[in-house]
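Just so we're aligned: the sequence shown equals residues 6 to 92 in the numbering used here. Below is one structure; the comments refer to it alone.
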Amino acid sequence: CWTDQQVQSFISRYGEKTKVMRYKGLGEMSAQELRDTTMSRERRLLKQVNINDAAEADRIFSMLMGEDVGPRRDFIEEHANYANIDA
């Protein structure tokens, strides 16, 4: 499921005992879960990502993943309206 609506539809169809799991990263999955989801050709969804400005992408990535909190906080506050929050 990709949306909350799809999750609810799935649960309605297959029952309340359906277990919904979310992962922050691939490292949280067992080898079997990774094989059944992410690596399964039948179930995975691949999207191509193109970078038009590699230097700018590197600058932003380094800022977001770096130890200096100030610039990261400023970036988040400036771009918060564009966020797609899954909460």
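Ideal Cβ positions, reconstructed from N, Cα and C, are used throughout, including at glycine.
Continuous alpha helix (DSSP H) assignments of at least 4 residues falling wholly in the stretch 19-46: 36-41
First and last residue of the uninterrupted alpha helix (DSSP H) at L69: 59-70
Between the CA atoms of E38 and D73 - distance to the nearest angstrom: 35 Å
N-terminal and C-terminal residue of the alpha helix (DSSP H) that V74 is part of: 74-84
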